[in-house]
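Peer 1: Chains as they are written, first to last, in my numbering: chain A, 3 to 246; chain B, 3 to 246; chain C, 3 to 272; chain D, 76 to 314; chain E, 76 to 314. Before anything else, here's the structure in question.
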Amino acid sequence: MSGADFLFQGIIRAFELIFSLNPYIISITGVSIKVSGTATLLATLTAIPLAYALAFLHFRGRQALIALVNTGMGLPPVFVGLFIFIMLVPAGPFGFANKIFTPQAMILAQYILVTPIITGISLAAIKAVPKPIIETVYTLGGSWKEAIIMTFCEARFGIITAILAGLGRALAEVGAILIVGGNIAYTGSVGGIGEGESYTRTLTTAITSETSKGDISTSIALGIILISLNLSINLLANFFQRRS
Amino acid sequence: MSGADFLFQGIIRAFELIFSLNPYIISITGVSIKVSGTATLLATLTAIPLAYALAFLHFRGRQALIALVNTGMGLPPVFVGLFIFIMLVPAGPFGFANKIFTPQAMILAQYILVTPIITGISLAAIKAVPKPIIETVYTLGGSWKEAIIMTFCEARFGIITAILAGLGRALAEVGAILIVGGNIAYTGSVGGIGEGESYTRTLTTAITSETSKGDISTSIALGIILISLNLSINLLANFFQRRS
Amino acid sequence: VQQAPAGNTTSPTSTASAPQDLRLATTTSTCDTGLLDVLNKKFEDENNVRILTVCEGTGKSIATGELGAADVVMVHAVQLELKAVANRSFINRSYMMYNYFVIIGPESDPAGIRNASNATDAFRRIAAKQSPFISRGDNSGTDIMEKSIWKAANITPAGTWYQSVGKGMGETITTADIKSGYTLSDRGTYLAMKDKIKLRLLFESDQKYLFNPYHVMAVNPAKFPNVKYDLAMKYINYVISPQGQDIIRNYGKDIFGEALFVPAAGIKEQ
Amino acid sequence: MELFRVENVCMAFGKKDVLKNINLGIRRGEIFAIIGPSGAGKTTLLRILNLFEKPLCGNLIFNGLDAGKTGGLRRRMSMLFQTPVVFNASVFDNVAYGLKVRGFDKRAIEKKVSEALNTVGLPGMGKEKARMLSGGETQRMAFARAIVYDPEILLLDEPTSNLDPANVAKIEEIIKRIRDERGTTILIATHNIPQVRRIADRVGVLLNGELIEVNSIEGIFTEPEDERSAAFIRGEMIY
Amino acid sequence: MELFRVENVCMAFGKKDVLKNINLGIRRGEIFAIIGPSGAGKTTLLRILNLFEKPLCGNLIFNGLDAGKTGGLRRRMSMLFQTPVVFNASVFDNVAYGLKVRGFDKRAIEKKVSEALNTVGLPGMGKEKARMLSGGETQRMAFARAIVYDPEILLLDEPTSNLDPANVAKIEEIIKRIRDERGTTILIATHNIPQVRRIADRVGVLLNGELIEVNSIEGIFTEPEDERSAAFIRGEMIY
Ligand SMILES: Nc1ncnc2c1ncn2[C@@H]1O[C@H](COP(=O)(O)OP(=O)(O)OP(=O)(O)O)[C@@H](O)[C@H]1O
Ligand SMILES: Nc1ncnc2c1ncn2[C@@H]1O[C@H](COP(=O)(O)OP(=O)(O)OP(=O)(O)O)[C@@H](O)[C@H]1O
Ligand SMILES: [Mg+2]
Ligand SMILES: [Mg+2]
């Protein structure tokens, strides 16, 4: 079989899998969305306040923290995965929580990876909002809360880009969740695309295991599903960005 | 050995490896820098003009292209790796080039992954530059080239963030380069951290293979080296960002 | 060499409606060949258990068990296993099956290993010709075996012809296929992939060097009180039971035309 | 009587002294004009009163209390910036902002905003995008935005600089009416000397950060205390 | 004689007609004032001349040629915006911009910039950050930036709106001198009617996008052709 054939077969397989509403595919897609969605949500809730603090508060070590956030944008996923792994295994300091190889551990890993990304990009967007805008809010009687809301509206495009970058990264991420999640699916699905059910298997970790089995067509098919998912989210988001 | 011990051992090991100037470590670090640096450079050279085009030119399909760029920020590395793999294998359409399992193939993979990231974030930064600034350039006799330079200066912070996010992503990336690069090292490095020499092995792919060996301490050590590298780059960049 | 202990710690079958979870860390070859699908399904159905299978390579599987993150491990690297048993991380190590490693390479066989007298001779010929050799380099059972063959052949492989990839079996075969190089593979993975590659099986059946035994062992509950030791033992006993061994004996015959593994419960190891 | 007082206030940016030892009392309900050459420190003084800058020395006393200890002080005033900034929204939303922030109900907001837009000569412009307005329209919209919620104190920084004579007259009329009807205390920084005569009760002259004269309108135009302020009013360059 | 001509130009933003059938010839070396109430279309007309907006209909003729076909036209003029925008750099760099773009050498740039800063009353301010300047200082800096490279045509949109009388006089003097010494053609949109009398040769009155009168200075102040422009000059509101 030639290289291009794999691609071709993969595309056909992707359509088959999507349109047959294969329950196994649905369940791993569900885990992908649940894990990456939750991680991105939590990361956004951390990152945006953090970005505001870095933009507006003048505390000691602010510059160092900005450098740290930018460094965090390049945290190696496998390292983050390993770090959480040795923390969460029963022999580790947080072993008592019994969270290794669970979706929660995966959410934690992606949260750590994605938070700096959303923070760094939001920070750049927030810093680009002209100061007089904020002063106008204040002089018209707005509180710091209203100033934050106004900044948010003005930096909307950039902040949406930040969240999209974070979500995209989370959905595409594999190194960390493979280690802390274990790529586990229940019966029937270990050896192939069966009627199994995912526990900690996501689209990306499934791609990895299909690849290591040498089943490149299925990997490509899963990749196409993942990209379609991402594209739908982005078309939706673009609709909102365009209104800014 | 408990979980935290690995971390502790990893830190010690990292210092050992760094300060002994271990030639194997130096060679994989070199490949990391060469591959990710080149990919980020090429991606920057593509992404910034693209971001300008998306910001200023009003062509058909512009909105769709923006959505596509944002989707690209979430391209699954393993998928990109596989795609390039099936294109470059001898049986693939570009097999004649004989580039599979080479640093060039890795650069290509990271280039594809990083370009949308730099484009998306730069675009947000460029769009935040007030239009009257550009009009002032024009009225003072500046050409479109000078308008671009001025926009660049005004969007400096955001564009630097974009490049840093891209470089961080490239340096941390493992899924794609593992597939297209093959994680190849020459002799001597077979059973452990020896005096071997890397051909397509990077810090991240080495972390993966050390992890699969179960040598968690060495993985952690390599992760620490990678993060230190990233941190140095960011402290340097922060120095320039601060001046904006 | 430890003798497989008899399973006499079986707990009464659970009657609860919610299935119990059992964590199994195992090497990629058992997953990727599809054996575990069949083997585990039966156990799950009969015992109201869900097996959480983490496929991650022998080295990492043992580390996972040593850290208490698995209840039971299934691996194939005798030295590593014995070391882990010696440090009391695992107990009840049981011999479950074996197969043989094979040396595969390009059909043209530039080093002429088809006529080699044994595995060390084959390796010597490859080194003499400096034909490309792809090493897994990941401390897996296969990798350890490869290293010991080089050692027995009195060769320290060096040079750009000898490339280490630090990856699983499937990916290593793919790499060797593209580079038209030799590699050492377990028989199962080779058979599973043989239709997709150009490499051919060139040398096999050296009882001394190419022997590939798989063991299953339980994480020591004395070290990690929270592991599901009883359930792990139930699983081990199932794998080495006639029922489990039968599944191993027949697995692969329909798909590959021949069995991938030979059941070995109760056999004394060399 | 005296609503607030500036006591020994000084201000510097870097090494540049921008305000030097300013003492000034503003009476409730008066229109007080601040004049002086470009760069004298007028905007800086207004910004200090609106609490955007903390003076390097001296105190602000509101109603006999230290400004820092008077909670909600900023809510009682509003400032029209010399270069008004427009929110990226409709004219209506811009003008409504101060009302929304103060929790007025929708009905009241609509009524007040459309009244304010009528007053400044922008009737029916509520739906336009504020960023698209002309220079003078922007200034009038910002004026409407600053007065619509009846602040107790109004700080106006060159409120008519971009307007034609007729619109200037209109805005001046509104300023006087606000003071007369609502008793609003109004400070106005302006370069328009005839405007000072037309609307202000008292005037202070700033020069290089010093308050060289505070006088009544009659006073400054008939017998100015300082030769430099006399020259400034005549339109001469003073240093 | 005639440097450029606006022929039947009209402009609309959305459904709003902003300029209607404008016909106007500008002579080389004259100072032409554009007056009219806020929102009349003055800025829009200047922006069309500076090629920022393409008119919906009509033509711009420069030196008898279509403006679209005259290469490098924009380089020969410069516009001072009603709300000047400042580059995030020093005052020197801001003023030097047009010179750098035109490839002047470092020596010449330094000389010209410091001269220009002196002329507008900002001597020695080159090293200051431009964003920190006061409103009037910013306006003067932007004026210096627009004239420093001797453009052939100068478009000034309310160039003295933020200045005190003495500085206004100074800028007016510079404007006249530039025209007298360099023969620069100058269009100035202004709300300052006395200023029109002081510096302009001719004047056009815009009202709701229509050019209701074009006249000489003597003409418009002694016998205006249109009753509405007469009223506007008297300071009355016209519609
Ligand atoms: N980009 C735009 N989109 C929509 N409307 C616009 C735009 N630019 C200007 N306008 C409208 O066109 C009209 C004329 O604007 P212009 O800026 O030319 O007025 P002007 O005569 O310069 O007024 P002013 O003296 O207040 O500066 C105004 O009513 C304004 O709201
Ligand atoms: N943030 C700042 N940093 C440095 N210098 C400043 C800052 N703000 C104002 N200045 C300087 O302080 C002086 C006074 O500025 P201010 O804006 O108060 O003047 P002004 O009287 O309002 O002038 P104008 O009539 O031109 O608006 C000016 O010389 C200005 O350059
Ligand atoms: Mg001012
Ligand atoms: Mg205007």
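Yeah, the Cβ is synthetic: ideal placement off N, Cα and C, and Gly gets one too. Please read these numbers as outputs of a predicted model, since none were measured by experiment.
May I ask you to check if the CB of alanine 115 of chain E is nearer than 7 Å to at least one heavy atom of ligand 1?
Peer 2: As a position in the fifth sequence, residue 115 of chain E is number 40, starting the count at 1. Answer for alanine 115 of chain E: yes, Cβ within range of ligand 1.
Peer 1: Based on DSSP bridge pairs, tell me the residues matched to aspartate 232 of chain E.
Peer 2: For this step, residue 232 of chain E is matched to residue 157 along the fifth sequence. According to DSSP, aspartate 232 of chain E bridges with E/Ala264.
Peer 1: Starting from the beta carbon of glycine 160 of chain A, find every residue of chain D whose beta carbon is closer than 7 Å, and list them in chain order.
Peer 2: For this step, residue 160 of chain A is matched to residue 158 along the first sequence. Here the premise fails: no neighbours, minimum Cβ distance about 13 Å.
Peer 1: At a CB distance below 7 Å, what residues from the region 200-216 of chain E approach chain B? Give them in sequence order.
Peer 2: Flagged: no residues at all.
Peer 1: Considering just the uninterrupted stretch of the beta strand (DSSP E) at aspartate 92 of chain D, what are its terminal residues?
Peer 2: As a working mapping, residue 92 of chain D is identified with position 17 in the fourth sequence. 91-102 is the extent of the beta strand (DSSP E) around aspartate 92 of chain D.
Peer 1: Residues in the region 126-140 of chain A with C-beta within 8 Å of chain D's C-beta atoms, listed in sequence order?
Peer 2: Answer in chain order: Pro132, Pro134, Ile135, Glu137, Thr138, Val139, Tyr140.
Peer 1: Taking C-alpha atoms, which residue in C/Phe226, C/Ala113, C/Phe135, C/Gln245 lies nearest to valine 74 of chain C?
Peer 2: Mapped onto the third sequence, residue 74 of chain C falls at position 72. Cα-wise, what sits closest to valine 74 of chain C is C/Phe226.
Peer 1: For ligand 3, any of its heavy atoms closer than 7 Å to the Cβ of aspartate 92 of chain D?
Peer 2: Here residue 92 of chain D is taken as the residue at index 17 of the fourth sequence, counted from 1. Because no heavy atom of ligand 3 lies under 7 Å away, the Cβ of aspartate 92 of chain D does not count as near it: no.
Peer 1: Counting only Cβ-Cβ distances shorter than 9 Å, please list the residues of the region 79-92 of chain B near chain A, keeping chain order.
Peer 2: Hits within the stretch, in order: Pro79, Val80, Phe81, Val82, Gly83, Leu84, Phe85, Phe87, Ile88, Met89, Leu90, Val91, Pro92.
Peer 1: Counting C-beta neighbours from all protein chains within 10 Å, is the total for serine 119 of chain C 16 or more, i.e. buried, or is it exposed?
Peer 2: Position 117 of the third sequence holds residue 119 of chain C. It counts as exposed.
Peer 1: Listed from N- to C-terminal order along the chain, which residues in the region 167-188 of chain B have their beta-carbon within a distance smaller than 8 Å of any beta-carbon of chain E?
Peer 2: Answer in chain order: no residues at all.
Peer 1: Note down, in chain order, every chain C residue with its Cβ under 7 Å from the Cβ of serine 214 of chain A.
Peer 2: Working through the first sequence from its first residue, we reach residue 214 of chain A at position 212. Per Cβ cutoff of 7 Å: Thr30, Asp34, Gly170, Gly172, Glu173.
Peer 1: Measuring only the C-alpha atoms, how far is cysteine 33 of chain C from arginine 62 of chain A?
Peer 2: Counting from one through the third sequence, the residue named residue 33 of chain C turns up at place 31. Counting from one through the first sequence, the residue named residue 62 of chain A turns up at place 60. Taking the straight line from one Cα to the other gives about 52 Å.
Peer 1: Starting from the beta carbon of leucine 69 of chain C, find every residue of chain A whose beta carbon is closer than 9 Å, and list them in chain order.
Peer 2: What you label residue 69 of chain C is simply residue 67 of the third sequence in a count that begins at 1. Phe87, Ile88, Val91, Pro92, Ala93, Gly94, Gly97, Ile102, listed in chain order.
Peer 1: Say yes only if the C-beta of aspartate 232 of chain E is nearer than 7 Å to one or more non-hydrogen atoms of ligand 4, and no if none qualify.
Peer 2: Along the fifth sequence, one-based indexing puts residue 232 of chain E at 157. Correct: aspartate 232 of chain E has its Cβ closer than 7 Å to ligand 4.
Peer 1: Comparing the C-beta of glycine 144 of chain B with each C-beta of chain E, is any distance below 8 Å?
Peer 2: Counting from one through the second sequence, the residue named residue 144 of chain B turns up at place 142. Output row for glycine 144 of chain B: interface = yes.
Peer 1: Can you pull the DSSP bridge partners for cysteine 132 of chain D?
Peer 2: If you number the fourth sequence from 1, residue 132 of chain D lands on position 57. DSSP, once it has assigned bridges, lists D/Cys85 as partnering cysteine 132 of chain D.
Peer 1: Would you mind sorting glycine 279 of chain D into buried or exposed? The rule is 16 or more other CB atoms within 10 Å of its CB.
Peer 2: Position 204 of the fourth sequence, counted from the first residue, corresponds to residue 279 of chain D. The residue is buried, with at least 16 neighbouring Cβ atoms inside 10 Å.
Peer 1: For asparagine 125 of chain D, which three-state DSSP category applies?
Peer 2: For the purposes of this step, residue 125 of chain D is taken as residue 50 along the fourth sequence, with counting starting at 1. Coil.
Peer 1: Using only the heavy atoms of ligand 2, determine whether one of them is closer than 7 Å to the beta carbon of methionine 315 of chain E.
Peer 2: The structure shown does not extend to residue 315 of chain E, since chain E spans only 76 to 314, so no value can be given for it.
Peer 1: Less than 8 Å separating the beta-carbons of proline 134 of chain C and serine 182 of chain C?
Peer 2: As a working mapping, residue 134 of chain C is identified with position 132 in the third sequence. As a working mapping, residue 182 of chain C is identified with position 180 in the third sequence. Cβ distance < 8 Å, so proline 134 of chain C and serine 182 of chain C count as in contact.
Peer 1: Taking only three categories from DSSP, how would you classify tyrosine 97 of chain C?
Peer 2: For the purposes of this step, residue 97 of chain C is taken as residue 95 along the third sequence, with counting starting at 1. DSSP places tyrosine 97 of chain C in strand when its eight states are reduced to three.
Peer 1: Have a look at phenylalanine 79 of chain D and glycine 100 of chain D and give me their C-alpha separation to the nearest angstrom.
Peer 2: The residue labelled residue 79 of chain D in the question sits at position 4 within the fourth sequence. The residue labelled residue 100 of chain D in the question sits at position 25 within the fourth sequence. Computed Cα separation, rounded: 6 Å.
Peer 1: Does any residue of chain C bring its CB to less than 8 Å from the CB of serine 191 of chain B?
Peer 2: Reading the second sequence from its first residue, position 189 is the one you call residue 191 of chain B. Here the model assigns serine 191 of chain B a pLDDT of 42, short of 50, so the residue's position is not dependable, and the following value carries that caveat. Yes, because at least one Cβ of chain C sits closer than 8 Å to the Cβ of serine 191 of chain B.
Peer 1: In angstroms, rounded to a whole number, what distance separates the CA positions of isoleucine 209 of chain B and leucine 224 of chain B?
Peer 2: Residue numbering aside, residue 209 of chain B sits at position 207 when the second sequence is read from its first letter. Residue numbering aside, residue 224 of chain B sits at position 222 when the second sequence is read from its first letter. So the alpha carbons of these two residues sit roughly 6 Å apart.
Peer 1: Just to confirm the assignment, what range does the beta strand (DSSP E) spanning valine 75 of chain C have?
Peer 2: Taking the first residue of the third sequence as 1, we reach residue 75 of chain C at position 73. Start and end: 74-77.
Peer 1: Chain C partners of isoleucine 218 of chain B, CB-CB under 9 Å?
Peer 2: As a position in the second sequence, residue 218 of chain B is number 216, starting the count at 1. Neighbours of isoleucine 218 of chain B on chain C, chain order: Lys62, Ala65, Leu69.
Peer 1: Taking 8 Å as the threshold (beta carbon to beta carbon), is arginine 52 of chain C in contact with chain A?
Peer 2: Position 50 of the third sequence, counting from 1, holds the residue named residue 52 of chain C. By this cut-off, arginine 52 of chain C is an interface position.
Peer 1: So does glutamine 214 of chain D have its beta carbon nearer than 7 Å to some heavy atom of ligand 2?
Peer 2: The residue given as residue 214 of chain D occupies position 139 in the fourth sequence. No, ligand 2 has no heavy atom inside 7 Å of this Cβ.
Peer 1: Identify the continuous beta strand (DSSP E) that holds threonine 28 of chain C and give its terminal residues.
Peer 2: Taking the first residue of the third sequence as position 1, residue 28 of chain C is located at position 26. Here the beta strand (DSSP E) through threonine 28 of chain C covers 22-28.
Peer 1: By how many angstroms is the C-alpha of valine 221 of chain C removed from the C-alpha of threonine 17 of chain C?
Peer 2: Position 15 of the third sequence holds residue 17 of chain C. Position 219 of the third sequence holds residue 221 of chain C. Because threonine 17 of chain C carries a pLDDT of 46, less than 50, the predicted location of this residue cannot be relied on, and the following value inherits that uncertainty. Threonine 17 of chain C and valine 221 of chain C: Cα-Cα distance of roughly 24 Å.
Peer 1: Does the Cβ of alanine 217 of chain E lie closer than 7 Å to at least one heavy atom of ligand 3?
Peer 2: By one-based count along the fifth sequence, residue 217 of chain E stands at place 142. Checking every heavy atom of ligand 3 against the Cβ of alanine 217 of chain E, none is found closer than 7 Å.
Peer 1: Any beta carbon of chain B sitting closer than 8 Å to that of aspartate 2 of chain C?
Peer 2: This structure gives no information on residue 2 of chain C, because the portion of chain C shown stretches from 3 to 272.
Peer 1: Starting from the Cα of asparagine 193 of chain D, find the closest Cα among D/Glu212, D/Gly104, D/Asp255 and give me that residue.
Peer 2: For the purposes of this step, residue 193 of chain D is taken as the residue at position 118 of the fourth sequence. Closest option to asparagine 193 of chain D, Cα to Cα, is D/Glu212.
Peer 1: Please give me, in chain order, every unbroken run of the alpha helix (DSSP H) with length at least 4 that falls completely inside the region 96-133 of chain B.
Peer 2: DSSP runs (the alpha helix (DSSP H)) wholly in the region 96-133 of chain B: 105-129.
Peer 1: Quick one: is the Cβ of alanine 264 of chain D within less than 7 Å of any heavy atom of ligand 5?
Peer 2: Absence of ligand 5 from the depicted structure is noted, with ligand 1, ligand 2, ligand 3 and ligand 4 being the only ligands included.
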